[in-house]
Amino acid sequence: MDIITLSPENIATEHICCSISSKSTETGVAAKKEWLSCRMQEGLKFKKLDARGKVFIEYLPAENAWVPIIADGYLYINCFWVSGSFKGKGYGKQLLAECEADALKDGCKGLVLIVGEKKKPFLSDKAFMMRHGYEISDSCPPFFELAVKRFDKSASLPRFKDSVRLGMGQDIKGIDIFYTAQCPFTIPYTKLLEPVILASDYPVRLHQITTKEMAQNHLAPVTSYCVFINGKFFTNEILTPDKLRKIIEKEL
Numbered sequence: 001m002d003i004i005t006l007s008p009e010n011i012a013t014e015h016i017c018c019s020i021s022s023k024s025t026e027t028g029v030a031a032k033k034e035w036l037s038c039r040m041q042e043g044l045k046f047k048k049l050d051a052r053g054k055v056f057i058e059y060l061p062a063e064n065a066w067v068p069i070i071a072d073g074y075l076y077i078n079c080f081w082v083s084g085s086f087k088g089k090g091y092g093k094q095l096l097a098e099c100e101a102d103a104l105k106d107g108c109k110g111l112v113l114i115v116g117e118k119k120k121p122f123l124s125d126k127a128f129m130m131r132h133g134y135e136i137s138d139s140c141p142p143f144f145e146l147a148v149k150r151f152d153k154s155a156s157l158p159r160f161k162d163s164v165r166l167g168m169g170q171d172i173k174g175i176d177i178f179y180t181a182q183c184p185f186t187i188p189y190t191k192l193l194e195p196v197i198l199a200s201d202y203p204v205r206l207h208q209i210t211t212k213e214m215a216q217n218h219l220a221p222v223t224s225y226c227v228f229i230n231g232k233f234f235t236n237e238i239l240t241p242d243k244l245r246k247i248i249e250k251e252l
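Using this note's numbering, read the sequence shown as starting at 1 and increasing by one per residue.
In structure tokens, the structure reads:
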């Protein structure tokens, strides 16, 4: 199957893999496509298999990435996903090879992405990256790591900014949910939480990250979606209304 590269000319008609359009996610898909269109002006590329499935890679210059890392001169992989029946057929290797070829062509020092110390939802597979020549250059509690492939072994290694280790503070009470439009699920799922938030006496605050500067100085490595409880990082998994209710009940 062929690899399709999204562009300003075809983004309106092509699906974006991670959320094939449905009524429940259409607002998130529209927001994601708008986000992608803006980032394309900053060097972002989104490549996907010409198939109805989750087989894609998304990357851009690290200087423009919406994550709190120091990785000047590297290419940052936003999202890399091969799922379901498409696994084990070489598509991930093919997509990664195209990404690495672009990095070499553009004169990058190498590539970098965030993985989990162990396999975690919404994070790329560390084991797969290590098999393809990546190394770990930095880590951040509770389980985040930077996986790096350097073309020049003398190049400085990327690292997380200090902000990711500070948390929100000791005296903050409540639940804080941060999100961007980068993931097509964040906006519709956050909307679903509003009735739970309105019905609760426990403080729950929503924060949309809307600029690169906000993201690059964020308090957690992952900016697309993360939850803090009483000022401390809790999860990067998207909450459903039921999950939020359970957290509130536990904290009350």
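For each residue, glycine too, the CB sits at the ideal point set by N, CA and C.
These figures come from a predicted structure and were not determined experimentally.
Return the Cβ separation of residue i and residue j in integer angstroms, given the expectation that the two are a contact with Cβ distance under 8 Å.
i    : j    : result
F160 : I69  : 6 Å
K109 : Y74  : 5 Å
D72  : E63  : 6 Å
P221 : V164 : 5 Å
L49  : I3   : 6 Å
Y134 : A155 : Actually they are not in contact, since the Cβ atoms of Y134 and A155 sit about 14 Å apart, beyond 8 Å.
Taking the alpha-carbon positions, what's the residue i to residue j distance?
i    : j    : result
D138 : I114 : 10 Å
P141 : A101 : 32 Å
K149 : L111 : 5 Å
S124 : P195 : 32 Å
I136 : L198 : 42 Å
D162 : F234 : 18 Å
C9   : Y189 : The residue you asked about is not Cys; residue 9 is Glu in the sequence shown. Spanning the two alpha carbons is a distance of roughly 29 Å.
L206 : K126 : 30 Å
I172 : I229 : 8 Å
D152 : G107 : 11 Å
S224 : C99  : 21 Å
In this structure, what does DSSP give as the bridge partners for residue i?
i    : result
S139 : E145
R150 : G110
K48  : I4 and F56
Y225 : Y179
G116 : F144
C79  : E58
So, helix, strand or coil for residue i, using DSSP?
i    : result
I3   : strand
T235 : strand
L206 : strand
I247 : helix
S163 : helix
I172 : coil
Y189 : helix
Y74  : strand
I197 : helix
S156 : coil
S124 : strand
Task: Cβ pair count under 8 Å reaching 3, the region 209 to 217 against the region 235 to 247 - done: Under the Cβ criterion (8 Å, minimum of three pairs), the region 209 to 217 does not count as touching the region 235 to 247.
- [ ] Report yes or no: do three or more beta-carbon pairs, one from the region 191 to 205 and one from the region 234 to 242, lie closer than 8 Å?
- [x] Yes, since at least three Cβ pairs between the region 191 to 205 and the region 234 to 242 fall closer than 8 Å, the two stretches touch.
TODO: Kindly confirm or deny that the region 174 to 190 and the region 31 to 50 touch, where touching means at least three C-beta pairs closer than 8 Å.
DONE: Verdict: yes, contact present.
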